[in-house]
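Under the numbering used here, think of the first position of the sequence shown as 14, with each following residue one higher.
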Amino acid sequence: MGQGAVGPAGVLGLAGVLGLAGAQPAGPPPLLLDPGRTVPPGGEAQSHGRDVDVMLGGAETQQLRVVPLHPEQPRLPAGRRLPQLPGGGVLHLPPPAAAPRRHPLRSLAPVPVHHPWSDSREVLLPQLVGHLHQPEAVSQRGSVTFLAFGNGAPDVFSAVVAFSNPRTAGLAIGAVFGAGVFVTTVVAGGIALVKPFTAASRPFLRDVIFYMLAVFLTFLVLYFGRITLGEALGYLGLYIFYVLTVVLCTWIHRWQRGDGPGAAGAWEPEAPRDAEEPESSGTNSGDYGEEYQPLLPSREPSLRILTTALSPLDCRKWRRKPWYWRLFKVLKVPVELVLLLTVPVVDPDKDDLNWKRPLNCLHVVTSPLLCILTLKSGTYGLYQIQGVFPVWGLVTLVGSALAIIIFVTTSNEEPPKYHCVFAFLGFLASAMWINAAATELVNILQTLGIIFQLSNTVLGLTLLAWGNSIGDTFSDLTMARQGYPRMAFSACFGGIIFNIVVGVGLGCLLQMTSSQLVVKLEPDSLLVWVLAGALGLSLVFSFVWVPAQCFQLGKAYGICLILYYLAFLCVALLTEFKVIRLSAV
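Here it is, written out as structure tokens:
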């Protein structure tokens, strides 16, 4: 921990210091601040600018200057944010002052504490004490599960849609292999260029070995030209085994280090260098503690709650943004409005869990309608029962009845106990939107291939692979800039393992029927083998280079990977246009 950086134990302990009228006189030995512990009441320091030596985590000593608070100021318990109070104090950190640390999996906004006769500093007091004591290995589990699922959704749905038609199966193969080459070269190389770092040795080797195994299995499937039911289930089983291996390795690593689940300070993989101003996303009375909550609860009418919840524009943000942001926002408003109408969102960070009674009741009707009207291009929704009554009409009647019951039995102020069900409904609605977008994207690419006489494979490895990799690129590079290159680098390999294993396995499994338990996957050109070979070679290159450099990933590694992708792209395009071809025997 560098100069000016305050660890979790010190932050929580300082909450107790700030709650007293003064501080204990400084002197040897340094004062040890543990979570929830405060300075003993004896020997108060009344003079301003008294220096206090604070021992953080029982190891490093940090000298802090504590300015006395107002004598009548009550003590704030540890783990609670500091409100802006008149006559309050400010915690002075010795220069250079470190920016507030942010956990990659949850945003914690700092709250400024102002004083009329001194400059202000920002002190980060997280709401949850247990949140600070996350093990470092949470980055590995998060990158191969939650982040992989989020980034891999477009790839999986596009693969499932492409495998549904034998004529577009080349799109799926090209997208799976093309995205793999892109992520393992351009994205991984970009992370090394943005922020050189030391890779975690065991997680890296584990991920590369599993991914090479998945690529080898896919190569065998393409070589034999078919995939059976057992092989498709084997793909899904391989990913489950991979996730279990990650969890087991994490537990073993923690057990070897002797760290318990509440090891202090292990939640910070690396100290971020840059800190950005948190952007306000609206006002919430619970963000500043109970002092800012109204004394008498105000009952807001349901119509006003509905109109506010359906408004995608923030007037304050609109006024301070530039013109090009406003133009882009105007173009996004129709899409955002449709998503607000059909996708319920449960936010555990809000006091009311984002419970909007009129809007959530409307979601009970719109979300099921979305599911049946987008699945199989609306085939199920337009089906008529006994040739008389359509399925979408039945879903509308049932949803309306449930919406009325929920509206009558709940209130606007407090969410019901079954509010978590709306989270699953939102997940299902989001999946259906992604599926609908993937279906239209595959149809557009197939049309472009016919017009420009391009194969489905080259369209998959370029347009479809680039489009599906946008999420990986932005999320991984953003994490690297914020000081978490290890997590971003692990997400590169964890995400694409999910894409190839679940994309191919689930895509082929859904096309099997009781009478047809084999799906044919015959390569339509030499380009498929170029793709498979390029992906395997890139993995072998990283598997050899990274250990040879003692897992120190710098700019040389990043430049080599990006140049490799450019060379691969040239070879792939030359193969597509028959400049490179196999000579007839």
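The beta-carbon is built from N, C-alpha and C at its ideal position, and this holds for glycine as well. For clarity, every value in this text was computed on a predicted model and none was experimentally measured.
- Item | Identity of the residue in G508, Q565, G480 and E589 nearest L540 by Cα | It is E589 whose Cα lies nearest to the Cα of L540.
- Task: Identify whether R239 lies in helix, strand or coil by the three-state DSSP scheme.
- Result: In this structure, R239 counts as strand in the three-state DSSP scheme.
- Message: Suppose only complete runs of 4+ residues qualify. What are the alpha helix (DSSP H) ranges in the segment 195-276, listed by chain order?
- Response: Counting whole runs of 4 or more residues, the segment 195-276 contains the alpha helix (DSSP H) stretches 201-207, 214-237 and 242-270.
- Taking I435 as the reference, give the member of V259, L415 and G518 with the closest Cα. Checking the sequence shown, residue 435 turns out to be Phe, not Ile. Relative to the Cα of F435, the nearest Cα in the group V259, L415 and G518 belongs to L415.
- Task: Quick one: give me the first and last residue of the alpha helix (DSSP H) that K389 is part of.
- Result: Per DSSP, K389 belongs to no alpha helix (DSSP H) and is neither H nor E.
- Considering only the beta carbon of each residue, do L388 and T355 sit closer than 8 angstroms? No, they are not a contact pair.
- Query: Who are P403's beta bridge partners in DSSP?
  - Reply: Beta-bridge pairing links P403 to Q397.
- Message: Let's test the definition: count the other Cβ atoms within 10 Å of the Cβ of K533 and tell me whether it reaches 16, buried, or not, exposed.
- Response: Exposed.
- Item | Exposure of E453, with buried meaning 16 or more beta-carbon neighbours within 10 Å | Counting of Cβ neighbours within 10 angstroms places E453 among the exposed residues, the total staying below 16.
- If I'm right that I204 touches F502 with Cβ under 8 angstroms, what's the distance once you round it to whole angstroms? Taking the Cβ atoms as the reference, I204 lies roughly 5 angstroms from F502, within the contact range of under 8 angstroms.
- Message: Please give me, in chain order, every unbroken run of the alpha helix (DSSP H) with length at least 4 that falls completely inside the segment 494-566.
- Response: DSSP assignment within the segment 494-566 yields the following whole alpha helix (DSSP H) runs of 4 residues or more, N-terminal first: 498-522 and 539-561.
- Thinking A569 and F190 are a contact (beta carbons under 8 angstroms), I'd like their distance in whole angstroms, please. 26 angstroms between Cβ atoms; not a contact.
- Query: What separation, rounded to the nearest whole angstrom, lies between the Cα atoms of V543 and I593?
  - Reply: Rounded to the nearest angstrom, the two C-alpha atoms are 11 angstroms apart.
- Query: Among W479, C505 and G480, which has the Cα closest to the Cα of T491?
  - Reply: Across the set W479, C505 and G480, the C-alpha of C505 shows the shortest separation from the C-alpha of T491.
- Quick one: grab the DSSP three-state call for A423. Looking at the sequence provided, one finds Thr at residue 423 rather than Ala. It is coil, neither helix nor strand.
- Message: For the structure I just gave you, are there three or more beta carbon pairs, one from the segment 402-416 and one from the segment 320-338, closer than 8 angstroms?
- Response: By the C-beta criterion, the segment 402-416 is judged not to be in contact with the segment 320-338, since fewer than 3 inter-stretch pairs fall below 8 angstroms.
- Given 8 angstroms, three or more beta-carbon pairs between the segment 314-321 and the segment 362-375: Of all C-beta pairs linking the segment 314-321 to the segment 362-375, three or more are shorter than 8 angstroms, placing the two stretches in contact.
- Item | contact_flag[the segment 204-219, the segment 577-584] where n(CB pairs < 8 angstroms) is 3 or more | At 8 angstroms Cβ cutoff, the stretches do not touch.
- Message: So, for T296: in the same chain, excluding its five sequence neighbours on each side, which residues have a beta-carbon less than 7 angstroms away from its beta-carbon?
- Response: Any answer about T296 is weak, because its pLDDT of 42 lies below 50 and its placement is not dependable; what the coordinates show is given next. Taken in chain order, the list of residues that qualify is empty.
- Report the residue from L242, N512 and L548 whose alpha carbon sits nearest the alpha carbon of M525. M525 has its Cα closest to that of L242, out of L242, N512 and L548.
- Query: Where do the N-terminal and C-terminal ends of the alpha helix (DSSP H) with R317 fall, by residue?
  - Reply: Segment S315 to A322, the alpha helix (DSSP H) holding R317.
- Query: Is the beta carbon of L438 less than 8 angstroms from the beta carbon of P357?
  - Reply: If you check the CB distance, L438 and P357 come in under 8 angstroms.
- Please state whether DSSP places Q459 in a helix, a strand or coil. Looking at Q459 - three-state DSSP - the assignment turns out to be helix.
- Message: In chain order, what are the residue ranges of uninterrupted alpha helix (DSSP H) at least 4 long that sit wholly in the segment 312-387?
- Response: Fully enclosed alpha helix (DSSP H) runs of 4 or longer: 315-322, 328-333, 336-355 and 370-387.
- Query: Are the Cβ atoms of L257 and G518 separated by less than 8 angstroms?
  - Reply: No, the pair does not count as a contact, with Cβ atoms beyond the cut-off.
- Message: Does Y431 come out as helix, strand or coil in the three-state DSSP assignment?
- Response: Three-state DSSP puts Y431 in coil, outside helix and strand.
- Message: So, with DSSP's three-state summary, where would you put N448?
- Response: Helix, per DSSP.
- Message: What would DSSP say about I593, mapped onto helix, strand or coil?
- Response: In the displayed model, I593 falls within coil according to three-state DSSP, outside both helix and strand.
- Task: Indicate whether the contact test is met: 3 or more Cβ pairs, each with one atom in the segment 550-567 and one in the segment 263-271, closer than 8 angstroms.
- Result: Contact annotation: the segment 550-567 does not touch the segment 263-271, with fewer than three C-beta pairs closer than 8 angstroms.
- Message: Looking at A227: is its Cβ nearer than 8 angstroms to the Cβ of V455?
- Response: Contact: no.
- Item | CA-to-CA distance, L386 to I3, given in whole angstroms | Absent from the model: residue 3. The displayed extent of the chain is 14 to 598, so no value can be given.
- Please report the Cβ distance between V196 and D485, rounded to the nearest whole angstrom; I am assuming they are in contact, meaning their Cβ atoms lie under 8 angstroms. Between D485 and V196 the Cβ distance is about 5 angstroms, and since that is below 8 angstroms, they are a contact.
- Determine, using beta carbons only, whether A182 and S171 come nearer to each other than 8 angstroms. No.
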